[in-house]
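Just so you know, the protein sequences line up as chains A and B, in that order.
Residue 651 in my numbering sits at position 353 of the first sequence, with consecutive numbering throughout.
Residue 549 in my numbering sits at position 251 of the second sequence, with consecutive numbering throughout.
Everything below concerns the one structure shown next.
2 protein chains.
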Amino acid sequence: MYQLLGGMRVVEGSSFIAAPSCGLYLAQLGAEVIRFDMIGGGPDFNRWPQAPGGASLYWEGLNKGKKSIAIDLSSPEGRELAVALIAAPGEERGIFLTNFPAAGFLSHERLSKSRPDLITLRVMGHADGTPAVDYTINSAVGIPQMTGPATLGEEPVNHVLPAWDLVTGAYAAFALLAAERCRRGTGRGQEVRIPLSDVAAASLGHLGQIAETSISGADRARYGNNLFGAFGKDFLTRDGRRLMIVAITTRQWTGLVAALGIAAQIKALEAQAGLSFDRDEGTRFRFREPLNAIVAGAVAARDHDALARAFDANGVCWGPYRTLHQALAEDAAFSTANPVFAMVDHPSGHSYLTPGAAATFGGGERSPPVRAPRLGEHTDAILAEVLGLSSGQIAALHDRKVVAGAEATA
Amino acid sequence: MYQLLGGMRVVEGSSFIAAPSCGLYLAQLGAEVIRFDMIGGGPDFNRWPQAPGGASLYWEGLNKGKKSIAIDLSSPEGRELAVALIAAPGEERGIFLTNFPAAGFLSHERLSKSRPDLITLRVMGHADGTPAVDYTINSAVGIPQMTGPATLGEEPVNHVLPAWDLVTGAYAAFALLAAERCRRGTGRGQEVRIPLSDVAAASLGHLGQIAETSISGADRARYGNNLFGAFGKDFLTRDGRRLMIVAITTRQWTGLVAALGIAAQIKALEAQAGLSFDRDEGTRFRFREPLNAIVAGAVAARDHDALARAFDANGVCWGPYRTLHQALAEDAAFSTANPVFAMVDHPSGHSYLTPGAAATFGGGERSPPVRAPRLGEHTDAILAEVLGLSSGQIAALHDRKVVAGAEATA
């Protein structure tokens, strides 16, 4: 946790990954993020992975450092409370983060009647409001057809990382700060819409892939674990460890050649082909079959530890293949030796290694990440502090089951 | 292009994907982004994919809307120019975006001597400065071992999307605006460091995967194209089209059951198992084998078009599998019907569908995306406007080959 965004308040009505991760990033830089949910939890409240007791490790991972209020959003009174919360006054307030439908009581048009300078950041599936999630976006832009070994033929391979969700969440946090910066200058609020489908399409454009396919008239082939356009592939060591080795820059390539002692073989290949692999990563890609064979032979002749030492001494860009469980066991980056992480007790009852902000700010003090709230943990405090309700009014809302505290889902 | 960040100036010295994409996002919201490069281009200047003439479609995709100055960074005079550019005065200036080494003449410590309130946003591989790229990070956190069909055994599958680069780039843009917001309040600059490895590790923590693996003591298995923890998989239609179908929410699931007319089969399975699939996506995942069989049978009995109509009428979350080439041919989201896109003429000599900002800002006018500069296209203008050099001084720099214009690489 940092305090860079201290003073800013964001109200979040959201589910799944993209919008909650945006709120998480804001909270971990010091914004006050108030998440409202249905009493009993929204559609993502029990999402897998779960702890043995059934608590969602996913939910408590994506909602760290936020405050929680539980409201019956199916009741008119509950909806009014949500609107009042979103539109509450104050200079750094009036920011609504959501992935809920663009029409209805949480439409920007309606909400901005209560607060004209409201900023609404709306994460969407498709721009027209039809549903989409990471997997359905990914299949529709051609990534699964490029992923995996060519031996799979036509069989697509979905990547399991919710990459489009994560990109969208981070980009949404950026867009939200841009809109807030603009409001500081102009006083004007606005709705910002970020459909997953536009993030995916724009990203493929930014990476040159739309141009590539448009100009060539063909799709990029499936290259398995070969890094497109440069040298890079997985290789097995003599003691059976698998490494990813990449050489994008000249320095990485010459370092690899030196570390493996394959200069003579490479020179012979260069002489035969009448070119040099030093300067042009594209040439390394075109000649990947003979180059892979040379590197594979050299890697297979040595053990992991010797290779690791030689690689690091020569500035080689490489990484081990290992599972997350192995990474947790052996990599200091996944430990409290890394200031990003701390051991934190969570609502699930479990204590585990927990990340704060992925960025390290030299100008600020990093304090440990804060656990997610229990659902409704801050209901009364938010009603009192943000909406100025009296304890009698709050008690009446509980009696009418318009709101609930943490005990309701404990 | 939007003008939200108009007035802000960012100097970028960068290569590859993460840092340049951060600069791209800033430029597409109106910031002035000045990219400096070695004369002849940095290590990413010719990166694949390339146009038939050899121009990098990748470089011109990631540097849209930026200005370019070409400097001989190996000469002391060229280095001085770069430092002067980074440290140039002005209220919304003094922001440096880079992935260059943290030590040396572009260290924050040295640069901030010229401008104490400088903000340096430094994208890194590992936090200790050792090199890493998307592929070597990904192999080390266990994603390739979870990706792809279980039939592949131990063979890892790298995902081809540079997901960690893209997440890091967007998160960097967010962190940069947070640091700039903080500077506006306090007057203080700082260095912000964002290692790819920390972004990956933190993301897996946020998604609950570190908790899952820590608590269970085991890695998540390889589930092929099944969506972990919910219902989701690829299915083949009668006419041989492949669809991704997902049901995370109750509404998506009941919509799918209705659209496929499989209520009786599902009810029979529910009766047999003594549970309901409506409310709990985790139950749908646990019973994925019989559920997949029922859905596969119903999808295989119908043609794509009929299914698409039924799915859309019932709010089903689905997407086609198609290649990028097919998407460009058939999806209006990849066309100028989508305001994110415009046809743009590029330095490569090609005109193609080009994305602007993935976010749509309701409060601002969207103007078409601006092409990338030719290398050195703005050298003279930047030297004159930012550094106040006379035309005589600029000519002398050219004569001494300290700088170059666009003609040098044309």
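We put the beta carbon where it would ideally sit given N, CA and C, even for glycine.
Fair warning: this is a prediction, and the values are worked out from it, not measured in the lab.
Query, Result
"Chain A contact for B/P618 (CB, 8 angstroms cutoff)", "yes"
"Beta carbon proximity, A/W551 to chain B, threshold 8 angstroms", "no"
"Backbone secondary structure at B/I692 - three-state DSSP", "helix"
"A/I441: contacting residues in chain B (beta-carbon distance under 7 angstroms)", "V458, L459"
"A/P460 burial status per 10 Å Cβ neighbour count (16 or more: buried)", "buried"
"Expected contact under 8 angstroms - CB spacing of B/I369 and B/F334 to nearest Å", "5 angstroms"
"Proximity of A/G560 and A/A596 at Cβ, strictly below 8 angstroms", "One detail in the question is off: residue 560 of chain A reads as Ile in this sequence, not Gly. Yes, these two residues count as a Cβ contact at 8 angstroms."
"Beta-carbon neighbours of B/H648, restricted to chain A and to distances below 7 angstroms", "A509, I513"
"Pick from B/H623, B/G538, B/G661 that is closest to B/R600, judged by C-alpha positions", "B/G538"
"Close beta carbons around B/N436, own chain, < 8 angstroms, minus the five adjacent residues each side", "P442, N456, H457, A461, W462, A498"
"Exposure label - B/K728; buried when at least 16 CB within 10 Å", "Since the first residue of chain B shown is 299 and the last is 708, residue 728 of chain B is not available in this structure."
"Nearest-angstrom beta carbon gap, B/A477 and A/L303 [assumed within contact, 8 angstroms]", "Wrong, their Cβ atoms sit about 10 angstroms apart, outside the cutoff."
"Segments assigned beta strand (DSSP E), at least 3 residues, entirely inside the stretch 453-512 of chain A", "488-493"
"Distance, B/L464 Cα to A/V327 Cα", "In the sequence on display, residue 327 of chain A carries Leu and not Val. C-alpha separation (whole angstroms): 20 angstroms."
"Exposure of B/S665, with buried meaning 16 or more beta-carbon neighbours within 10 Å", "exposed"
"Complete runs of the beta strand (DSSP E) confined to the stretch 535-584 of chain A [at least 3 residues]", "540-545"
"Outcome for B/Q570 when other beta-carbon atoms lying within 10 angstroms are tallied against a minimum of 16", "exposed"
"Opening and closing residue of the beta strand (DSSP E) in which B/L419 lies", "417-422"
"Start and end residues, beta strand (DSSP E) containing B/A368", "365-369"
"Start and end residues, beta strand (DSSP E) containing B/P618", "615-618"
"Distance, B/G690 Cα to B/T434 Cα", "48 angstroms"
"Alpha-carbon to alpha-carbon, B/R413 and A/A382", "44 angstroms"
"Cα-Cα separation, B/Y300 to A/R540", "46 angstroms"
"Straight-line gap, B/G647 to A/G321 (C-alpha atoms, nearest Å)", "42 angstroms"
"Own chain, CB closer than 8 angstroms to B/E375, minus 5 neighbours either side, in chain order", "L695, R698, V700"
"Residues that A/M444 contacts on chain B, provided the C-beta gap is smaller than 7 angstroms", "V458"
"Buried or exposed by the 16-neighbour rule on C-beta atoms within 10 Å, applied to A/S313", "buried"
"Neighbouring residues, chain C, relative to A/I492 (Cβ below 9 angstroms)", "Although the question refers to chain C, the structure presented lacks it and instead comprises the protein chains A and B."
"Paired residues, beta bridge with B/V642 - DSSP", "B/Y650"
"Proximity of B/A385 and B/L419 at Cβ, strictly below 8 angstroms", "no"
"Exposure label - B/D432; buried when at least 16 CB within 10 Å", "buried"
"Backbone CA spacing between A/R672 and A/L371 [nearest angstrom]", "18 angstroms"
"CB-CB length for A/G522 against A/A448, believed under 8 angstroms", "6 angstroms"
"Integer-rounded CB distance, given that A/L567 should sit under 8 angstroms from A/V593", "No, A/V593 and A/L567 are not in contact; Cβ-Cβ is about 12 angstroms, not under 8 angstroms."
"Per-residue DSSP class, three states only, for B/T434", "helix"
"Proximal chain B residues relative to A/M542, where beta-carbon distance stays under 7 angstroms", "Y433, T434, S437"
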